[in-house]
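Those letters in the sequence shown? Residues 1 to 256, per UniProt numbering, in order. For every residue, glycine included, the Cβ atom is placed at its ideal position computed from N, Cα and C. For reference, the structure is listed below as structure tokens.
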Amino acid sequence: EKQLLSHHDKLVKFLEEKNEKLTQDIKKLSNKDEQKENDNTLSSNSKHSSTYTLGLIRSSKLLKIFSGHSNAINSLQYSSLDGGQFLCSGSSDYTVRVWDLDNNKQIQIFNGHSDNVWNAKFSQYHRNHNRPTICSASHDNTIRFWDIKTAKEYQTFKEHSNHVYTIQFSPFTGGRYLCSGSADNTIRLWDVETLKSLHVFNGHSHNIYCVEFSPLQSNSKDTNKIGVIGGAGYTICSGSHDKTIRLWDIENTKQL
Numbered sequence: 001e002k003q004l005l006s007h008h009d010k011l012v013k014f015l016e017e018k019n020e021k022l023t024q025d026i027k028k029l030s031n032k033d034e035q036k037e038n039d040n041t042l043s044s045n046s047k048h049s050s051t052y053t054l055g056l057i058r059s060s061k062l063l064k065i066f067s068g069h070s071n072a073i074n075s076l077q078y079s080s081l082d083g084g085q086f087l088c089s090g091s092s093d094y095t096v097r098v099w100d101l102d103n104n105k106q107i108q109i110f111n112g113h114s115d116n117v118w119n120a121k122f123s124q125y126h127r128n129h130n131r132p133t134i135c136s137a138s139h140d141n142t143i144r145f146w147d148i149k150t151a152k153e154y155q156t157f158k159e160h161s162n163h164v165y166t167i168q169f170s171p172f173t174g175g176r177y178l179c180s181g182s183a184d185n186t187i188r189l190w191d192v193e194t195l196k197s198l199h200v201f202n203g204h205s206h207n208i209y210c211v212e213f214s215p216l217q218s219n220s221k222d223t224n225k226i227g228v229i230g231g232a233g234y235t236i237c238s239g240s241h242d243k244t245i246r247l248w249d250i251e252n253t254k255q256l
């Protein structure tokens, strides 16, 4: 019994020391020069249908809770528009919503999907062309474009034959190009200006859950099949349920 108590005392002392160190670390961070709040916040989604905004630097305290979704929130993205701070969220309640972080309220809801929304993103390309837009990918096999000001859907991509899990805008040409990953085991590259599917990348044997444009260089000198789109040197990276990560050359559409 004495040995057990000794181990207990040591454990308590260890935890107290760890707690004290954590407290000191937080105080050190708090003493740093103040920065703008939007540089020091973190937003997270929740299975409880609420969005949480946390202060990172000064206190790590919960700042705001946004409630409105009636099911799990699967996707979040932050953007600054017209001098304000906003979040867009995609949910298993089939909706996409926009939240005003400065005024602590929901400002828009987009209805139209008939199944879970897995991914939602602000479109930099449309913003640059004075049409603030959100793009969303859904279990209903579609990618949809929404006008933020009017809440109206104005374009739908229906070429995927199964659920669309992920979308990503290009970091070049002002976000003009979009890639998407689907449960039809393909990746598609889209031109959001011409509203056309430029190419389908085949190779995965199962659902594709994540895609990214990567600056990794391609050494391929094969003939270009889809025309130069301004992404020379970029590749597409994809992650799949087939346990593989694959790299694809954007310009000649081949797997590296």
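Would you give the residue range spanned by the beta strand (DSSP E) that residue i belongs to?
i	result
Gln85	Gly84 to Ser91
Arg188	Thr186 to Asp191
Tyr177	Tyr177 to Ser182
Asn119	Val117 to Phe122
Glu251	Unbroken run through Glu251: none, as it is neither H nor E.
Ser80	Ile73 to Leu81
Asp100	Val96 to Asp100
Val161	Sequence inspection shows Ser at residue 161; the Val mentioned does not correspond to that position. First-last for Ser161: undefined, no H or E at that position.
His199	Lys196 to Asn202
Tyr209	Ile208 to Ser214
Ser238	Thr235 to Ser240
Leu62	Leu62 to Ser67
Thr142	Taken as a continuous stretch (DSSP letters only), Thr142 belongs to no beta strand (DSSP E), as it is neither H nor E.
So, residue i versus residue j, is the Cβ gap smaller than 8 Å?
i	j	result
Ala120	Ser75	yes
Ile187	Ile236	yes
His238	Ile208	The sequence as given places Ser at residue 238; His does not occur at that position. In contact: Ser238 and Ile208 (Cβ atoms closer than 8 Å).
Trp118	Phe157	no
residue 259	His204	Given a span of 1 to 256 for the chain in the structure shown, any question on residue 259 remains unanswerable.
Phe86	Leu63	no
Ser180	Val211	yes
For residue i and residue j, I'd like the C-alpha separation in whole angstroms.
i	j	result
Ile143	Cys135	7 Å
Cys88	Ser79	8 Å
Leu178	Ser60	35 Å
Ile65	Thr253	43 Å
Gln155	Lys105	27 Å
Ser70	Ala137	18 Å
Asn116	Tyr234	31 Å
Gly84	Asn202	40 Å
Might you give, ordered along the chain, the residues of its own chain that have their beta carbon closer than 7 Å to the beta carbon of residue i, omitting 5 neighbours on each side?
i	result
Glu159	Arg188 and Ser197
Phe122	Gln77, Ser79, Cys88 and Ile134
Asn111	Thr95
Val228	The predicted position of Val228 is uncertain, since its pLDDT is 45 and thus under 50; no value can be drawn from it.
His163	His139, Asn141, Ser182 and Ala183
Val200	Thr186 and Arg188
Tell me which residues share the same chain as residue i and place their Cβ nearer than 6 Å to its Cβ, disregarding the 5 neighbours each side in the sequence.
i	result
Thr244	none
Arg127	none
Glu37	Bear in mind that the predicted position of Glu37 carries a pLDDT of just 42, short of 50, making it too unreliable to give a figure here.
Hey, is residue i's beta-carbon within less than 8 Å of any beta-carbon in chain C?
i	result
Glu212	Judged by its chain identifiers, the structure shown contains no chain C, having just a single protein chain.
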